[in-house]
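Counting from 0, one number per residue, gives the positions in the sequence shown under numbering that gives the first Met the number 0. Backbone N, C-alpha and C fix where the C-beta goes; we use that ideal spot for every residue, glycine too. Because the structure is a prediction, the values reported are computed rather than measured. This report refers to the structure that appears directly beneath it.
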Amino acid sequence: MKQSLLRNLLVLLLTVLAVQQGWAQGTTTSSLVGTITDQKGELLPGATIIAVHTPTGTQYVGPSNAQGRYSIQNMRVGGPYTVKISFVGFQDFTRDNVFLILGQDQRIDAKLGDAATQLAEATVVGTNPRSILNAERSGPITNISTEQLQQLPTINRSVNDFLRLTPQASPISTGSIGGGNYRQNNITFDGSDFNNNFGIGGNLPANGSPISLDAIETLTVNIAPFDVRQSGFVGSAVNAVTRSGTNQVQGSVYGFYRNQKYYGTNVGGAELPALNNVSVKQYGFRVGGPIIKDKLFFFLNAERSTEDVPGQQNVASTAATGPGSYGSANNITKTSAATLDSYSSYLQNTYGYATGPYQGYNFQNERTQVLGRLDWNINNKNRLSVRYNQVKSNVPSFLSTSRSPLGSFPNTRSSLFALPFANSNYSTEYNFYSGALELNSTLGSRIFNTLRATYTHQNEPRSTNSSVFPFVDILDGTGARNTTNGYTSYGNPVTSFGYEPFTAGNLRDVETYSAVDFVTGTFGRHTATLGGQFDLQSTKNGFQRFATSYYTYNTWDDFVNNRNPVDFALTYSLLPGYEQAFPRFKTAQYSVYGQDEISVTDRFRLTLGLRAELNSYLNVKEIQTHPLVAALDFNGRKIDTGVLPTNRVLLSPRLGFNWDVKGNRTLQIRGGAGIFTGKVPTVWIVAQSGDAGLIQITQTYSTVGPGLNPANVFSGLPGFANGVLPFSADPNAHRPTTQPTPGTVIPSTISATDPNFRNPQAFKSSLAVDAKLPGGIVGTLEGTYNLDLLTAYGQNYNLVNPTPLNITGYADNREMYPSTNQTKFINPLNNNGRADAFAGNNAFNAIVLSNSRKSGYYYSITGKLEKNFRNGMQAMVAYTRSDARAVFDGSGDQLLNTWSGNYIVNNPNNPQLSYTNYVAPDRIIASLNYRQRG
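Take a look at the structure:
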């Protein structure tokens, strides 16, 4: 027996090694399993099981083995199926209306009657596609069916609206599920990567709408799937499959519309201004059918949406007191209309720069998406599916409130203190392209193979209505002066104008090529899976903060009268002719895995698996060593911007179980434990290329700080004369007249990755009890627990060690840093961009992506009740209690922000465990939907 199993596993291994490999794939199919016996319980080997997918006529055939068990893999999700079981000398058994769940085995156990007697009732487990009482289930999972996608209400028609049906999902952070933040999931459609891999924005690409709801067949959310085929997350795995055509031509035409009348204006007793001129339209169609009956099928979907919504909701004040004055309504700003009108006129008359309006304008969003799919039943042993979809959209946004790496203002650029101009806003094109090809084959009566190749392309350039002009912040003059003609603090913004500081040449572009092959075989009580994966990912980033130059002025008078700015910043290319540089990096990931699902008894099922992953960072010319930085010492540590993490294998062992306590599937205990490996957003790593100061350089100059003044901050900049750095409408006026040689100037912020850095890992476990309660209700009590093993976060290597306050009689003994750049940084920079411990007055942040081994954790306890009524009604209610601690929440659109934006009490390089901002302690969800049958 053991030799036979080993021989069969060897066959599986050789089959896998003969085919290509792939990465972090999701599941796309379902399976049918069970045991065949006679009425006395004797096993019936050699019985024939035929399952026919009724809508397409697709037929799946499998025999029962020596233990009377059968397993048919790689079946189409959904249904209905007609299952026929036959054996010589026994009456046939037929079961209609069988539905299969994505990524799960559907069990049908049958007892066949002798041919001379009437066939007795078969024992069937889990024929309801959403059944919790299923022998194949171990970890927390939420299944969302086609009917739910069609029937449950949704405002945005986004996948995220339905992910909220997961009890462990967070209502306070969209896409945060199972103890992970929105970046820590792995989302796949038809096995292809649908993640926002770059990491700026939400959890999904294409601004949260990479695919139309009308193109989705079903989706599942796994918090802790102990199936080793699933990886790439420490939060949850979201898998979905798209619709397919059938033997009947079926379709739908749909449209949705809303205007300002559909928006409420009262929140918590506070009355908000009514919206004006809102128009949201969404319309599309889907159609599917046969090209060749029972053989070749097509499905098409197209959708178009437009939004015309108010832009700036705040308005400028028009009076000093009374109606129209600041504070007389909750959207009237301190900045007056007369002031802004005069500013706009001055800029137009003096520089020919058009600011655009500051209020009363709308944003126009638009999105077009299409999807096409072909399914081909080549023969009874091979089935091929091909799918392509694309999304092209344009979404306007308000200007960024960030000034990183410069210090922040007391209030943001857009608040009741400030009103920026419209041409300083920007738009992002959210373009997304995806293709998937999958071949499912039956290699023998008990061996099944899946081969899949996928491609995704996330392309997101930015634009603005502004002409090329420096970006300028005007403050209200309340910034405190120091004793050297500099400042100790910033005032509040009044307005902002110019070319949005992060938009010039901005591009987010990620291409992912994946291939995967895995083989599944059934041998006695064992169902073994062996597989391999490969993924190649290429990231290209255009990010030139302050590329058109940036000025902060303490007052409008300072700007008009050409006095010194408070801050100045500029990014410029080091390529020949100042041609824009595009930071890049590439990574490849290799994985192999093996798994055995063991039916230890008819009531106890055990799953054991092991996954090994190797992440390899490939060499690209944009990743280079900065010689001046490499020569520096950071309290015994070194930084080499030309070195990426070394290759190392990460192991993910898994174990899951399911116990049918009574043997009649009315009470089951299930659970498991394992290690899961996630990913980090590529924006954090591509920064090593862009921020090293070798293909482009960012230099910032600030007069805010003890002892700082324009003379010791701005001197050396082109154009600085008579103690003044004058404003110029030419963005390059203060760019070096001779282009610096790469590696001769250190930028104010560099980004690097620790050579020992590893992708995040977490230990995840769950334990649940499911029971059939009176009245046909199914109840679940489930607990989950996550423990962080490796966490990604940023460290600033160039900070000196802080010291406690140590003030006698003063209870606050927090660690503090020196107040000046010269004493706060180990290697401060002088005005020539060189490390200078004696004359360095400029900040130098050296941010390194690192690992923390501090054990953050997450736990949740969920109680859930579900009931399916005979009249087509479905009801569910769940309560979840959760808590989580972490050293870092995983936020930050720049690597610098992972350090500077992390909430800490003492040393930001040594953050302590604290509450996360993406887990709600208490959550109740309920759903009720009804579909009329007929």
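| field | Inside the stretch 28-106 only - beta strand (DSSP E) runs reaching at least 3 residues | value | 29-37, 47-52, 57-62, 68-74, 77-85, 92-99 and 104-106
| At what residues does the alpha helix (DSSP H) containing I684 begin and finish? | Looking at the DSSP string, the run of the alpha helix (DSSP H) that includes I684 is T681 to G689.
| Proximity to T338 [Cα-Cα], best of S144, N379, F420 and Y262 | F420
| said: Going by the DSSP bridge assignment, what does N795 pair with across the sheet? | reply: N795 is bridged to I846.
| query | To the nearest angstrom, how far is it from the Cα of L894 to the Cα of N850? | reply | 13 Å
| query | In terms of alpha-carbon separation, which member of F656, Y80, T879 and E41 lies closest to I48? | reply | Y80
| task | Evaluate the contact criterion for the stretch 771-791 versus the stretch 740-759: three or more CB pairs, one atom per stretch, below 8 Å. | result | Cβ pair count under 8 Å is three or more, so yes.
| field | Cβ-based burial, S251 [other Cβ within 10 Å; buried from 16] | value | exposed
| When we look at the beta-carbon of D213 and count the other beta-carbons within 10 Å, is it buried (16 or more) or exposed? | Label assigned to D213: buried.
| query | By DSSP, does K585 sit in helix, in strand, or in coil? | reply | K585 sits in a strand when the DSSP states are folded into three classes.
| query | Does the beta-carbon of Q543 have 16 or more other beta-carbons within 10 angstroms, so that it is buried, or is it exposed? | reply | Counting of Cβ neighbours within 10 angstroms places Q543 among the buried residues, the total reaching 16 or more.
| DSSP on F868, reduced to helix/strand/coil? | coil
| Own chain residues within Cβ distance below 6 Å of Y256, not counting five before or after | K280
| said: Going by DSSP, what residue range makes up the beta strand (DSSP E) through V279? | reply: S278 to I291
| query | Grouping DSSP H, G and I as helix and E and B as strand, with all else coil, what is A318? | reply | strand
| Using the C-alpha atoms, what's the distance from Y592 back to Q20? | Its pLDDT being 37, under 50, Q20 is placed unreliably in this model, and the value from its coordinates should be taken loosely. In a straight line, the C-alpha of Q20 is about 11 Å away from that of Y592.
| message | I need the straight-line Cα distance from Q363 to V394, nearest angstrom please. | response | Distance between Q363 and V394, taken at the CA atoms: about 7 Å.
| task | May I ask which residues mark the beginning and end of the alpha helix (DSSP H) holding S230? | result | Segment: none, S230 is in no alpha helix (DSSP H) and carries neither H nor E.
| task | Classify Q19 as helix, strand or coil using the three-state DSSP reduction. | result | Interpretation of Q19 is limited by its pLDDT of 37, a score under 50 that renders its predicted location unreliable; no figure is taken from the coordinates.
| request: Using the Cα positions of Q247 and N867, report the straight-line distance between them to the nearest angstrom. | output: Taking the straight line from one Cα to the other gives about 28 Å.
| If you count every other CB in all the chains shown that lies within 10 Å of the CB of R480, and 16 or more means buried, which is it? | Flag for R480 reads exposed.
| said: One question on the structure: do S934 and E428 come within less than 9 Å of each other, judged by their Cβ atoms? | reply: No answer is possible for residue 934: it lies beyond the span of the chain, which begins at 0 and ends at 933.
| field | T676 beta carbon less than 9 Å from that of G190 | value | no
| Rounded C-beta distance between F545 and T697? I'm assuming under 8 Å. | 7 Å
| What separation, rounded to the nearest whole angstrom, lies between the Cα atoms of T822 and N484? | 20 Å
| task | Using the Cα positions of S63 and Q183, report the straight-line distance between them to the nearest angstrom. | result | 41 Å
| request: Determine the extent of the beta strand (DSSP E) in which K539 is found, giving its start and end residues. | output: H525 to G541
| Who are E499's beta bridge partners in DSSP? | Checking the DSSP bridge columns, you'll see E499 has no partner listed.
| request: With a cut-off of 8 Å on the beta carbons, I'd call N820 and S747 a contact; round off their distance for me. | output: Contact flag wrong, Cβ pair sits at about 10 Å.
| Closest by C-alpha distance to V799, when choosing among N812, V679, V876 and F633 | F633
| message | Among the candidates I860, E612, L148 and I638, whose CA atom is the shortest distance from the CA of Q623? | response | The residue with the shortest Cα to Cα distance from Q623 is I638.
| task | Going by DSSP, name the residue or residues bridged to A939. | result | For the chain, the structure presents residues 0 to 933; residue 939 sits outside this window and is missing.
| If you follow the beta strand (DSSP E) that Q760 is part of, which residue opens it and which one closes it? | Q760 to L772 is the span of the beta strand (DSSP E), which, as asked, contains Q760.
| query | If we count the other Cβ atoms within 10 Å of its Cβ and call it buried at 16 or more, is F482 buried or exposed? | reply | It is Thr, not Phe, that sits at residue 482 in the sequence shown. Classification for T482: exposed.
| field | N-terminal and C-terminal residue of the beta strand (DSSP E) that N448 is part of | value | I446 to S462
| Roughly how many angstroms lie between the CA atoms of V220 and D226, to the nearest whole one? | Straight-line spacing of the CA atoms in V220 and D226 works out to 13 Å.
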